[in-house]
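There are 2 protein chains.
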Amino acid sequence: MVATQAKRADAQRSIAAILAASVECLSRNPEASVSEIAKAAGVGRVTVYGHFPNRADLVDATFARAIENGHAALEAVDLEGDPREALARLIDSSWMLVDRFRSLLTAAQDALPPGRIRTLHAGPMDRVERLVERGRAEGVFRTDLPVFWLVSVMHNVMHGAADEINAGRLDADDAGDFITATILAAFSTP
Amino acid sequence: MVATQAKRADAQRSIAAILAASVECLSRNPEASVSEIAKAAGVGRVTVYGHFPNRADLVDATFARAIENGHAALEAVDLEGDPREALARLIDSSWMLVDRFRSLLTAAQDALPPGRIRTLHAGPMDRVERLVERGRAEGVFRTDLPVFWLVSVMHNVMHGAADEINAGRLDADDAGDFITATILAAFSTP
DNA sequence: AGTAACTCGTACACGGGTGTTCGACAAGGG
DNA sequence: CCCTTGTCGAACACCCGTGTACGAGTTACT
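Chains B and V, in that order, are what the protein sequence lines are. Numbered by the numbering used here, the letters in the first sequence go through residues 86 to 275 in order. Numbered by the numbering used here, the letters in the second sequence go through residues 86 to 275 in order.
In structure tokens:
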């Protein structure tokens, strides 16, 4: 996040290229090899190892970066007002990210130690939880199920939508509405 | 499904042992090697290749068998009467299977050609779809979302519950109720 | 301009999995 | 009882990925 100091401009360019290629490759194929990523970055394989000790560390950095970017985009969403409308807005901005980074996520699941993903996810997660809690306090969201479960349902429905889109069974134009209609119904107090 | 004819009793025993070990190993580790499975079956690795040309074919057979067993168990569930109650009964019997074969599923996703899983899944899928359609016809399930989407939601919520259980965040005793409460709310006509 | 940092390609060692072959040795079926 | 069918272990060839080492060449900072 802070500019990597004491590194030559040369190296910084390489790192940027590697990270850019990494996010692109891993988003296409979660098992992309280091050679593949290096080639896509226009860089020698050895150079990659010069900046990232492991493949795991590279995946970690790539994933962390993607989360950071996504989080920044999501923070622009206004969560004030009617919780249902706020949730709809949040879903609208979120599901595309879930779709885009679907493959990168599985890469992270393979390469990163358990729990690491959740740690990186903590930031974006918090905002969702807070919104759900506010909705419960205002009586529009159900309180007979724990918050973590509701958040999990939201994640999984979005993830499922991404799979359906990827399989060609769901039109991307419909996804947002479908998810919103489903989640609002599932969250509403009975 | 039909008894493998023209095979010696010896070989049939081996095949059974391999399949049993395979389902057990792949349910623990989706990337279990052939050696591992052979060892667990108390059989030489070569013997496995004597019955299954590929690792992929072995996974296919294992997965198909698991589906078959699960399907048989699910067919015992009574789907008559109030669609909501029928759905609750179906969920109650289904989610444990999803949980148990969670890992085997990812093994299949890695090893099998795309679409193959869906083909194997077709049997159990049909019953769910028919139930949902009946619920819609009777006015208790929503019709503003396509059936395939509702079925997908149900799958993903169950799958998500399995993940939460596996991560130690969800008590298995709660899972059934949580899933049912969520899905019924999501399916009900608004 | 000179020095330290960086990159590149090749090559190597290593581990791991897959699928096949071979020969010797049981064990079932007719 | 004999012959087919299986099984076993070891060995082999193969492919692929990871991580490291080396030496030569290039690029940036001061």
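All C-beta atoms in this analysis are idealised placements derived from N, C-alpha and C, irrespective of residue type, glycine included. Values in this document were obtained by computation on a predicted structure and should not be read as measured data.
As assigned by DSSP and simplified to three states, the class of S179(B): Position 94 of the first sequence, counting from 1, holds the residue named residue 179(B). Helix.
Span of the alpha helix (DSSP H), counted from its first residue to its last, around R219(V): Position 134 of the second sequence, counted from the first residue, corresponds to residue 219(V). Here the alpha helix (DSSP H) through R219(V) covers R201 to A222.
Residue from A94(V), L216(V) and A101(V) with nearest C-alpha to R169(V): The residue labelled residue 169(V) in the question sits at position 84 within the second sequence. Answer by Cα proximity: L216(V).
CB contact check: T265(B) to chain V, cutoff 8 Å: To locate residue 265(B), count along the first sequence from 1; it is residue 180. Closer than 8 Å: no.
Neighbourhood of A173(V) by C-beta, 6 Å cutoff - its chain only, sequence neighbours within 5 removed: Translated into positions along the second sequence, residue 173(V) becomes position 88. Excluding sequence neighbours, A173(V) sits near T265.
CB contact below 8 Å: M86(B) versus chain V: Taking the first residue of the first sequence as position 1, residue 86(B) is located at position 1. Only weak support exists for where M86(B) lies, its pLDDT of 39 falling under 50; the coordinates are left without a value.
Reduced DSSP category for F148(V) - H, G, I as helix; E, B as strand; rest coil: Taking the second sequence and counting its residues from 1, one reaches residue 148(V) at position 63. F148(V) falls in the helix class under three-state DSSP.
P165(B), buried or exposed, once every other Cβ within 10 Å from all chains shown has been counted against 16: Within the first sequence, residue 165(B) is the residue found at index 80, counting from 1. The amino acid at residue 165(B) is misidentified as Pro; the sequence shows Glu. Flag for E165(B) reads exposed.
Length of the line joining the Cα atoms of L189(V) and M243(V): Position 104 of the second sequence holds residue 189(V). Position 158 of the second sequence holds residue 243(V). C-alpha separation (whole angstroms): 15 Å.
Closer than 9 Å at the beta carbon, the chain B residues around D229(V): Taking the second sequence and counting its residues from 1, one reaches residue 229(V) at position 144. Simply A266.
Beta carbon proximity, S273(V) to chain B, threshold 8 Å: The sequence position of residue 273(V) within the second sequence is 188, counting from 1. Yes, its Cβ sits closer than 8 Å to a Cβ of chain B.
C-alpha distance - A117(B) paired with V183(B), whole-angstrom precision: Indexing the first sequence from 1 puts residue 117(B) at position 32. Indexing the first sequence from 1 puts residue 183(B) at position 98. Going by the C-alpha atoms only, they are around 19 Å apart.
C-alpha distance - R185(B) paired with A271(V), whole-angstrom precision: Numbered from its first residue, the first sequence carries residue 185(B) at position 100. Numbered from its first residue, the second sequence carries residue 271(V) at position 186. Taking the straight line from one Cα to the other gives about 25 Å.
Identity of the residue in D258(V), I100(V) and G135(V) nearest A126(V) by Cα: For the purposes of this step, residue 126(V) is identified with residue 41 of the second sequence, where counting begins at 1. The candidate whose alpha carbon is nearest that of A126(V) is I100(V).
Partners in chain B for E249(V), counting only beta-carbon separations shorter than 7 Å: Taking the second sequence and counting its residues from 1, the one referred to as residue 249(V) is at position 164. By Cβ distance, chain B contributes S237.
Beta-carbon proximity check, A247(V) vs R150(V), cutoff 8 Å: If you number the second sequence from 1, residue 247(V) lands on position 162. If you number the second sequence from 1, residue 150(V) lands on position 65. Cβ atoms of A247(V) and R150(V): not closer than 8 Å.
N- and C-terminal bounds of the alpha helix (DSSP H) containing S118(B): For the purposes of this step, residue 118(B) is identified with residue 33 of the first sequence, where counting begins at 1. Note, S118(B): premise wrong, no alpha helix (DSSP H); not H, not E.
Any C-beta of chain V under 8 Å from that of N241(B): Within the first sequence, residue 241(B) is the residue found at index 156, counting from 1. So yes, N241(B) belongs to the interface.
Beta-bridge pairing of F233(V) - partner residues as DSSP gives them: Residue mapping note: residue 233(V) aligns to position 148 of the second sequence, counting from 1. DSSP lists no partner for F233(V).
Any 3 or more C-beta pairs closer than 8 Å across the stretch 225-240 of chain B and the stretch 252-268 of chain V: yes
Identity of the residue in S107(V), M210(V), A171(V) and A102(V) nearest R140(V) by Cα: Position 55 of the second sequence, counting from 1, holds the residue named residue 140(V). When each option's Cα is compared against that of R140(V), the closest is S107(V).
Where F233(V) meets chain B, residues with beta-carbon distance less than 7 Å: As a working note, residue 233(V) is residue 148 in the second sequence. Residues of chain B passing the Cβ test: R254.
Beta-carbon proximity list for A157(B), same chain, < 6 Å, skipping 5 on both sides: Your numbering for residue 157(B) matches position 72 in the first sequence. Correct list: empty, nothing qualifies.
Nearest-angstrom Cα separation, counted from A91(B) out to P198(B): Residue 198(B) sits at position 113 when you count from the first residue of the first sequence. Residue 91(B) sits at position 6 when you count from the first residue of the first sequence. Distance between the alpha carbons of P198(B) and A91(B) is about 30 Å.
CB contact below 8 Å: G208(V) versus chain B: On the second sequence, position 123 is the one that residue 208(V) refers to. Closer than 8 Å: no.
For F137(B), three-class secondary structure by DSSP: Translated into positions along the first sequence, residue 137(B) becomes position 52. Coil, per DSSP.
Within chain V, the residues that H156(B) reaches when beta carbons sit closer than 7 Å: Indexing the first sequence from 1 puts residue 156(B) at position 71. In chain order: nothing, as chain V lies at least about 21 Å away.
As assigned by DSSP and simplified to three states, the class of F272(V): As a position in the second sequence, residue 272(V) is number 187, starting the count at 1. In this structure, F272(V) counts as helix in the three-state DSSP scheme.
Simplified DSSP assignment, three categories, for F186(B): Taking the first residue of the first sequence as 1, we reach residue 186(B) at position 101. Reduced to three states, the DSSP call for F186(B) is coil.
Distance, Q194(V) Cα to G129(V) Cα: As a first step, residue 129(V) must be located in the second sequence, where it is residue number 44. As a first step, residue 194(V) must be located in the second sequence, where it is residue number 109. Roughly 26 Å separates the two Cα atoms.
Span separating the alpha-carbon of I250(V) from that of R98(B): As a working mapping, residue 250(V) is identified with position 165 in the second sequence. As a working mapping, residue 98(B) is identified with position 13 in the first sequence. Taking the straight line from one Cα to the other gives about 43 Å.
Check whether T147(B) and L175(B) have beta carbons under 8 Å apart: On the first sequence, position 62 is the one that residue 147(B) refers to. On the first sequence, position 90 is the one that residue 175(B) refers to. In this structure, L175(B) does not lie closer than 8 Å to T147(B) by Cβ.
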